[in-house]
Amino acid sequence: MDAAFTAEQEGIRRTLREVLGRRCGPDRVKAAVRTADGYDRELWEQLSREIGLPGLAVPEEYGGVGCAPADLVLACEETGRALLPSPLLVAAVLAAPLVAALGGAGQRAALLPPLAGGGLTAALAVPGPALSAALGLTGDGAAGEVAGGGRAGGDQARRAADGAWRLYGEAAQVLDGHSADLLLVPAHAGGFARSRVLLFVVRAGAAGLVRVRQTALDETRPQAVVQLRDVEAEWLGEGDPFDGGGPGGPGAYGGPVCGALAAVGRTAAAVLAAEAAGAAGRVLERTVEYARTREQFGRPIGSFQAVKHRLADLYVQLQAARSAVCYAAWDPAQGGLALAQGLEALRLAAGEAIQLHGGIGFTWEHDAHLYFKRAAADELLFGPVHLLRAHAARQAGLFAPSAGPGRGPGPVPATPTTPTTPTTPTGKAAF
């Protein structure tokens, strides 16, 4: 594994830092999240046009840059530093790979180029607070969690006599659900007996679609409640999902959709970990700057040993998170552990920033609270940390029960020994 960044990666990071440094300061972030869209459209268009940010990991044949997902992961460390409010996560990291994996040739040609160019935004509408499980971060992404409610509940799809699909149901906590041009909705189709989980595309202006923006802890990740009231939708796939023409063949209940979501979740975890590491790095930088200039008892507070130790501990946590992100960018299968490390580093850095800024740090208006809210909200949406690590441990087989008698080979128990009386070098008893 070569941990050194390429010239192209360094160029992307440098350009992003320059643009975001000018256009995405804390005051601009606060102003952008209070707009109807929840982000700065002009900045998003600039990032799409000049850097090709939403299309970094999209193949060139579909209008993307054609870089590897690792390049997108490393670029997102810079967006995390600035807490950039944008459709990048849901449109480029979640929606575009799902379209590429499950869509037909015509659907890929129609949807991927505008997604890569930033002119089209999308959101993933998973019912209930099950996004982390659906992406395979804290669970196995069972079909019931992906579409909600089991075969007889959750989001349901019905095919009319003319062949059109209609959707019914509701999804809460949909990231960017209020402003996205497209909604990707997993739903049960085929009734109870022939039920399968399929992924559908719903256009923003569809009749019967109701979207209500909710008050979110982290305003840089806006959320909405999406209600589907007999909404016309398009199945993301080719052929007929019930005659073997669809992905997975007949009898595959949720395998194709769940498998695609799990694959997307691995990259998403690495991206989120990079964002968390970038945010933790920035908040630590600002805290160190404050500790150098804020004086107490006639000297900077950063000169006190207790403060030095706390900042040093944060630095160690940050470097561990960055190392985990680099490894996850190289091997996305390690994204869950990297995300756990990144979220923990951000939570600790944001908490210490509030503490070390003193009285001013405890006011809601202080910029440190932007990072604190991001840390808390990301743990609620994609964690928490202990579940991320527990799921990674289960996947690695660390919690597998050891084999006992009659269960095959297992650990050999230690043979008990008879205690002996210790002796001295001369052979006499020691006591």
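Under the numbering used here, the very last position in the sequence shown is 482; numbers go up by exactly one each time. Note that the Cβ used here is the ideal one computed from N, Cα and C, for glycine as well.
With a threshold of 16 other beta carbon atoms within 10 Å, Gln392 meets it and is buried.
Around the beta-carbon of Thr338, 16 or more other beta-carbon atoms lie within 10 Å, marking it buried. Sixteen is the threshold: when 16 or more other Cβ atoms of the shown chains lie within 10 Å of the Cβ of Phe251, as they do, the residue is buried. Rounded to the nearest angstrom, the gap between the Cα atoms of Val116 and Ala142 is 15 Å.
In this structure Ala396 is buried. Its beta-carbon is surrounded by 16 or more other beta-carbon atoms within 10 angstroms.
Taking C-alpha positions only, Glu129 is separated from Val177 by approximately 28 Å. Secondary structure note for Trp95: its alpha helix (DSSP H) is the uninterrupted segment 92-97.
A distance below 8 Å between beta-carbons, with the five flanking residues on each side excluded, links Arg280 to the following residues of its chain, in chain order: Tyr219, Gly259, Leu260, Val261. Counting only residues of its own chain and dropping the five nearest sequence neighbours on each side, Gln385 has a CB closer than 6 Å to the CB of Tyr378, Ala379. Non-local beta-carbon contacts of Pro237 in its own chain, meaning distances under 6 Å to residues more than five positions away in sequence, involve Val197, Ala198, Val248, Leu250, Val308 in chain order. Straight through space, the alpha carbons of Gly402 and Pro138 are spaced by roughly 27 Å.
Ala284 places its beta carbon 8 Å or farther from that of Ala255. The three-state secondary structure of Phe423, taken from DSSP, is helix.
Between the stretch 154-169 and the stretch 350-362, the count of C-beta pairs closer than 8 Å stays below three; the two stretches do not touch. Distance from the CA atom of Ala428 to the CA atom of Asp269, rounded to whole angstroms, is 6 Å. Per DSSP, reduced to three states, the secondary structure at Ala87 is coil, with no helix or strand assignment. Across the structure, Val80 and Ala328 are spaced so that their CA atoms are roughly 19 Å apart. Of the candidates Val124, Val376, Gly114, the residue whose Cα lies closest to the Cα of Ile63 is Val124. Rounded to the nearest angstrom, the gap between the Cα atoms of Ala400 and Gln368 is 9 Å.
As a beta-bridge residue in DSSP terms, Glu346 pairs with Pro351.
Residue state for His442 is assigned as helix, using DSSP reduced to three classes.
Beta-bridge partners assigned by DSSP to His239: Gln207, Val248. Non-local beta-carbon contacts of Trp286 in its own chain, meaning distances under 7 Å to residues more than five positions away in sequence, involve Trp216, Leu249, Phe251, Pro292 in chain order. Sequence-distant partners of Tyr422 (beyond 5 residues in either direction) whose C-beta falls short of 6 Å from its own C-beta, in its chain, are Ala330, Val334, Ala401.
In the structure shown, Glu285 adopts extended strand secondary structure according to DSSP, grouped into three states.
Inclusion of Thr271 and Arg425 in the CB contact set at 8 Å is warranted, their separation being smaller than that value. Rounded to whole angstroms, the separation of the alpha carbons of Asp213 and Ala443 is 45 Å. For Leu234, DSSP records a beta bridge to Ala174, Val253.
Pairing Val144 with Leu163 gives a Cβ-Cβ distance that is not under 8 Å. Here the alpha carbon of Glu101 sits roughly 10 Å from the alpha carbon of Gly168. Here DSSP, grouped into helix, strand and coil, assigns Arg317 to helix. Annotated three-state conformation of Arg262 is strand, per DSSP. DSSP lists Ala208, Val282 as the bridge partner or partners of Leu218.
If only complete runs of 4 or more residues are kept, the stretch 357-444 shows the alpha helix (DSSP H) at 386-407, 419-433, in order along the chain.
Following the DSSP letters along the chain, one finds Ser183 inside the alpha helix (DSSP H) bounded by residues 182-185. The beta-bridge partner set that DSSP reports for Gln274 consists of Leu226, Gln265.
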